[in-house]
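Okay, so the sequence shown: first residue is 0 according to numbering that gives the first Met the number 0, each after it adds one.
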Amino acid sequence: MMDQISICEAFAKLHEIDPFLKRMVTGDEKWVTYNNIVRKQSWSKSGQAAQTVAKPGLTARKVLLCIWWDWKGIICYELLPYRQILNSDLYRQQLNHLKLAINQKRPESTNGRDIVFYQDNARPHTSVVTRQKLWEFGWYVLMHPPYSTDLAPSDYHLFLALQNFLSEKKLRSRRLRKSITRVYRQEGPILLIREAL
0 MMDQISICEA FAKLHEIDPF LKRMVTGDEK WVTYNNIVRK QSWSKSGQAA
50 QTVAKPGLTA RKVLLCIWWD WKGIICYELL PYRQILNSDL YRQQLNHLKL
100 AINQKRPEST NGRDIVFYQD NARPHTSVVT RQKLWEFGWY VLMHPPYSTD
150 LAPSDYHLFL ALQNFLSEKK LRSRRLRKSI TRVYRQEGPI LLIREAL
């Protein structure tokens, strides 16, 4: 708990000296399932048997969505192939793609050197090769407290909108890509962030 408080205080002091929120880029990963059926709860009168509702399969078909964004919107995202997981080498390649996307979509950032980067403490994010790559880019990396119970910005703003949109939908891989693009073009979560800043 003390780490979280001290890190928050450090962020507040840093923002007073150098307002960084509009230069911040953040990203995260989320498992997205193809079958998003929500189990319904039902009431029954006393003495009556409850309705039986089939449980969804434990091994639902899912893909990993990796996404990066800032206060202006989505910078880039990638849907990993079915059953592929994120490791340090893949994450390093994704960071290279992210840097190119920042240079294309945010040319006002001076060659990407003034980026403030925020990510959680997942192993691919904290590996030596990842830290080396971020150092090469010259990005300032904000600390994330270990074992933090705080929600990451992507969990609160971005993934909630996606989950609400995909609720009760069955998708194929092409439709999944189109659905994700449609959700994030609506820019609803991003507008909330802009208002907060």
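Glycine is no exception: its CB is placed at the ideal position from the N, C-alpha and C atoms.
Exposure of residue i, with buried meaning 16 or more beta-carbon neighbours within 10 Å
| i | result |
| --- | --- |
| P123 | buried |
| D198 | Residue numbering for the chain in the displayed model covers 0 to 196; residue 198 lies beyond these limits and cannot be assessed. |
| M23 | buried |
| Q93 | buried |
| C65 | buried |
| K98 | buried |
| I84 | exposed |
| S5 | exposed |
| Y76 | buried |
| I16 | exposed |
| L133 | buried |
| L20 | exposed |
CA-to-CA distance, residue j to residue i, given in whole angstroms
| i | j | result |
| --- | --- | --- |
| H96 | W70 | 19 Å |
| Y33 | R60 | 6 Å |
| S108 | F136 | 13 Å |
| W30 | Q118 | 17 Å |
| D88 | V128 | 8 Å |
| Y139 | K12 | 15 Å |
| S153 | Q47 | 43 Å |
| P106 | P80 | 30 Å |
| L141 | K44 | 54 Å |
| I192 | R82 | With a pLDDT of only 46 at I192, under the threshold of 50, the placement of this residue in the model should not be trusted, and no figure is reported. |
| L196 | G72 | Low per-residue confidence applies at L196: pLDDT is 39, beneath 50, and the placement is therefore not dependable, though the value from the model is reported in the following sentence. Rounded to the nearest angstrom, the two C-alpha atoms are 13 Å apart. |
| I101 | Q131 | 19 Å |
Nearest neighbour of residue i, chosen from the options [CA to CA]
| i | options | result |
| --- | --- | --- |
| R91 | D113, Y117, T125 and N163 | T125 |
| H14 | L78, V115 and D154 | V115 |
| Q103 | I74, L63, R130 and H143 | I74 |
| G68 | A9, Q131, L157 and L161 | The displayed chain sequence assigns Trp, not Gly, to residue 68. Comparing Cα-Cα distances from W68 to each of A9, Q131, L157 and L161, the minimum goes to L157. |
| Q3 | V62, A160 and A151 | A151 |
| C7 | H143, N163 and L161 | H143 |
| T25 | N163, Q162 and N120 | N120 |
Opening and closing residue of the beta strand (DSSP E) in which residue i lies
| i | result |
| --- | --- |
| Y117 | V115 to Y117 |
| E77 | G72 to L78 |
| K44 | Careful: K44 lies outside any beta strand (DSSP E) and carries neither H nor E. |
| Y139 | Y139 to L141 |
| D27 | M23 to T32 |
| L20 | Run containing L20: none; DSSP gives neither H nor E here. |
| I66 | K61 to D69 |
heavy atom of the ligand GDP below 6 Å from residue i C-beta
| i | result |
| --- | --- |
| D2 | The model depicted lacks the ligand GDP and carries no ligand whatsoever. |
Residue i - containing alpha helix (DSSP H), residue span
| i | result |
| --- | --- |
| I101 | S87 to K104 |
| E135 | V127 to F136 |
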